[in-house]
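Asker:
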């Protein structure tokens with residue numbers, strides 16, 4: 130049986146989850162590590178929104194709203210950590 | 019125009035009717051995303067104000083167990099998505115099987131999380147230990163309640179395994195998955 134989009138999304142999510150666990154050990158610079166961790170979270174969120182929640186075929190408004198939630202939360206978390214690091 | 023006429027022209031939910039599953043579940047999903055978004059925002063602000071307290075608290079957490087739970091939950095989300103595909107194809111037996119798989123993985127998530135809580139409490143960390151642990155227990159506990167509720171919803175929709183019901187139940191489950199995906203790095207891994 131050939132993998133379909135759902136299988137590929139699942140494999141990507143597993144890969145990103147494993148990569149997330151490796152970041153703290155492999156990336157010593159906090160700001161870069163935080164950026165990577167939160168980018169991976171946004172990428173995982175995007176796949177869940179498009180393929181698992183099935184908003185790929187939904188109106189752009191809904192796809193955009195849920196995707197924007199993911200981006201806003203991770204961006205806010207990164208900016209807050211950056212501000213603390215720079216002060 | 020009568021209510022019947024409105025129903026005949028659409029679902030009566032306007033553009034919410036274009037979403038998979040019952041539109042009411044999406045009202046709940048958008049409400050939950052707003053609530054968790056604000057809660058996570060509060061966590062991030064509190065960490066910016068007390069970086070040392072949050073760094074000390076984060077250092078005591080078991081990120082590996084939480085990482086295992088991430089893999090468990092995304093696999094559960096995959097099973098739920100497969101259940102939706104099977105239900106849409108009219109394969110109710112398969113849909114039910116995938117839903118049971120998703121529920122079982124949800125049960126494993128709860129078991130792992132409770133094991134994690136037990137370790138933290140045994141180490142002397144509780145709800146009132148520090149602002150970090152107050153927010154940590156509230157955020158992850160609130161999420162854990164949603165995992166439990168999600169399992170109940172999946173169990174309910176698995177009885178008939180009809181497409182609309184399965185889409186509704188799995189939409190809630192994917193939201194629970196999405197919340198964890200965002201919460202996990204922010205709470206466990208991001209450097210204060």
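Chains as they are written, first to last, in the numbering used here: chain A, 130 to 216; chain B, 19 to 210.
Note that CB positions come from ideal geometry on N, CA and C, so glycine has one too.
Rounded to the nearest angstrom, how far is the Cβ of residue 75/B from that of residue 150/B, given a contact under 8 Å?
Answerer: Indexing the second chain from 1 puts residue 75/B at position 57. Indexing the second chain from 1 puts residue 150/B at position 132. Contact holds; Cβ gap of about 3 Å.
Asker: Does the distance from the C-beta atom of residue 104/B to that of residue 113/B stay below 7 Å?
Answerer: In the second chain, residue 104/B corresponds to position 86, counting from 1. In the second chain, residue 113/B corresponds to position 95, counting from 1. Yes. Within cutoff.
Asker: Taking 7 Å as the CB-CB limit, is residue 88/B close to chain A?
Answerer: Along the second chain, one-based indexing puts residue 88/B at 70. So, interface residue.
Asker: Under 7 Å, Cβ to Cβ, is there at least one residue of chain A near residue 99/B?
Answerer: Position 81 of the second chain holds residue 99/B. It does: the Cβ of residue 99/B has a partner Cβ on chain A nearer than 7 Å.
Asker: Would you decide whether residue 67/B is buried or exposed? Buried here means 16 or more other CB atoms lie within 10 Å of its CB.
Answerer: Here residue 67/B corresponds to residue number 49 of the second chain, with the count starting at 1. Exposed, by the Cβ-count rule.
Asker: Given that residue 41/B touches chain A, what residues does it touch there, using C-beta distances under 9 Å?
Answerer: Locating residue 41/B in the second chain gives position 23, where the first residue counts as 1. Near residue 41/B there are no residues of chain A at all, since even the closest Cβ is about 11 Å away, more than 9 Å.
Asker: Mind checking if residue 68/B is an interface residue toward chain A, Cβ cutoff 7 Å exclusive?
Answerer: The residue you call residue 68/B lines up with position 50 of the second chain. Cβ-Cβ to chain A under 7 Å: no for residue 68/B.
Asker: Does the separation of the CB atoms of residue 96/B and residue 191/A fall below 7 Å?
Answerer: Within the second chain, the letter at position 78 stands for residue 96/B. Within the first chain, the letter at position 62 stands for residue 191/A. Going by C-beta atoms, residue 96/B is not nearer than 7 Å to residue 191/A.
Asker: To which residues of the same chain is residue 214/A closer than 7 Å at the C-beta, ignoring the five residues directly before and after it?
Answerer: As a position in the first chain, residue 214/A is number 85, starting the count at 1. Around residue 214/A, the same chain offers 159, 160 as residues with beta carbons nearer than 7 Å, after the five sequence neighbours per side are excluded.
Asker: Classify residue 163/B as buried or exposed, calling it buried when 16 or more other Cβ atoms lie within 10 Å of its own Cβ.
Answerer: On the second chain, residue 163/B is found 145 positions in, with the first residue counted as 1. Residue 163/B should be labelled exposed.
Asker: Hey, how far is the Cα of residue 172/A from the Cα of residue 155/A?
Answerer: Here residue 172/A refers to the residue found at position 43 of the first chain. Here residue 155/A refers to the residue found at position 26 of the first chain. Going from the Cα of residue 172/A to the Cα of residue 155/A covers about 20 Å.
Asker: Helix, strand or coil: which one does DSSP assign to residue 143/B?
Answerer: Locating residue 143/B in the second chain gives position 125, where the first residue counts as 1. Three-state DSSP puts residue 143/B in coil, outside helix and strand.
Asker: May I have the straight-line CA-CA distance separating residue 121/B from residue 173/B, to the nearest angstrom?
Answerer: Mapped onto the second chain, residue 121/B falls at position 103. Mapped onto the second chain, residue 173/B falls at position 155. Those two C-alpha atoms are separated by around 8 Å.
Asker: By the three-class DSSP mapping on this structure, what secondary structure does residue 202/A have?
Answerer: Here residue 202/A is taken as the residue at index 73 of the first chain, counted from 1. DSSP, reduced to helix, strand and coil, places residue 202/A within a helical segment of the structure shown.
Asker: Can you give me the C-alpha to C-alpha distance between residue 186/A and residue 202/A, rounded to a whole angstrom?
Answerer: As a first step, residue 186/A must be located in the first chain, where it is residue number 57. As a first step, residue 202/A must be located in the first chain, where it is residue number 73. Cα-Cα distance, rounded: 24 Å.
Asker: Determine, for residue 215/A, whether the minimum Cβ-Cβ distance to residues of chain B falls below 7 Å.
Answerer: In the first chain, counting from the first residue as 1, residue 215/A sits at position 86. No, its Cβ sits nowhere closer than 7 Å to a Cβ of chain B.
Asker: With a CB to CB cut of under 8 Å and the five nearest residues on each side skipped, what residues in its chain are close to residue 62/B?
Answerer: Indexing the second chain from 1 puts residue 62/B at position 44. Correct list, in chain order: 204.
Asker: Kindly list the residues whose CB is nearer than 7 Å to the CB of residue 154/B, restricted to its own chain and excluding five residues on each side of it in sequence; keep chain order.
Answerer: In the second chain, counting from the first residue as 1, residue 154/B sits at position 136. Counting only Cβ-Cβ distances below 7 Å, and skipping sequence neighbours, we find 75, 205.
Asker: Closest Cβ-Cβ distance between residue 75/B and chain A: below 7 Å?
Answerer: Residue 75/B sits at position 57 when you count from the first residue of the second chain. Judged by the 7 Å Cβ criterion, residue 75/B is not in contact with chain A.
Asker: Would you please verify whether the beta carbon of residue 202/A is less than 7 Å from any beta carbon of chain B?
Answerer: Locating residue 202/A in the first chain gives position 73, where the first residue counts as 1. Yes, because at least one Cβ of chain B sits closer than 7 Å to the Cβ of residue 202/A.
Asker: So which residues of chain A does residue 149/B contact, with C-beta pairs closer than 7 Å?
Answerer: In the second chain, residue 149/B corresponds to position 131, counting from 1. Residues of chain A passing the Cβ test: none, with the nearest at roughly 15 Å.
Asker: For the stretch 162-181 of chain A against the stretch 195-210 of chain A, are there 3 or more C-beta pairs whose distance is under 8 Å?
Answerer: yes
Asker: Hey, is residue 210/A's beta-carbon within less than 7 Å of any beta-carbon in chain B?
Answerer: Taking the first residue of the first chain as 1, we reach residue 210/A at position 81. Yes, residue 210/A counts as interfacial toward chain B.
Asker: Is the Cβ of residue 122/A closer than 7 Å to any Cβ of chain B?
Answerer: What the structure shows of chain A is the stretch from 130 to 216, and residue 122/A is not part of that stretch, so it cannot be assessed.
Asker: Are the Cβ atoms of residue 43/B and residue 136/B separated by less than 7 Å?
Answerer: Residue mapping note: residue 43/B aligns to position 25 of the second chain, counting from 1. Residue mapping note: residue 136/B aligns to position 118 of the second chain, counting from 1. The answer is no: Cβ separation not under 7 Å.
Asker: Using a C-beta cutoff of 7 Å, does residue 206/A count as contacting chain B?
Answerer: Looking up residue 206/A in the first chain gives position 77. Yes, contact with chain B.
Asker: Helix, strand or coil: which one does DSSP assign to residue 190/A?
Answerer: Indexing the first chain from 1 puts residue 190/A at position 61. Of the three classes helix, strand and coil, the one that applies to residue 190/A here is helix, per DSSP.
Asker: Three-state secondary structure (DSSP) at residue 158/A?
Answerer: Against the first chain, residue 158/A aligns to sequence position 29. Residue 158/A: coil per DSSP, three-state reduction.
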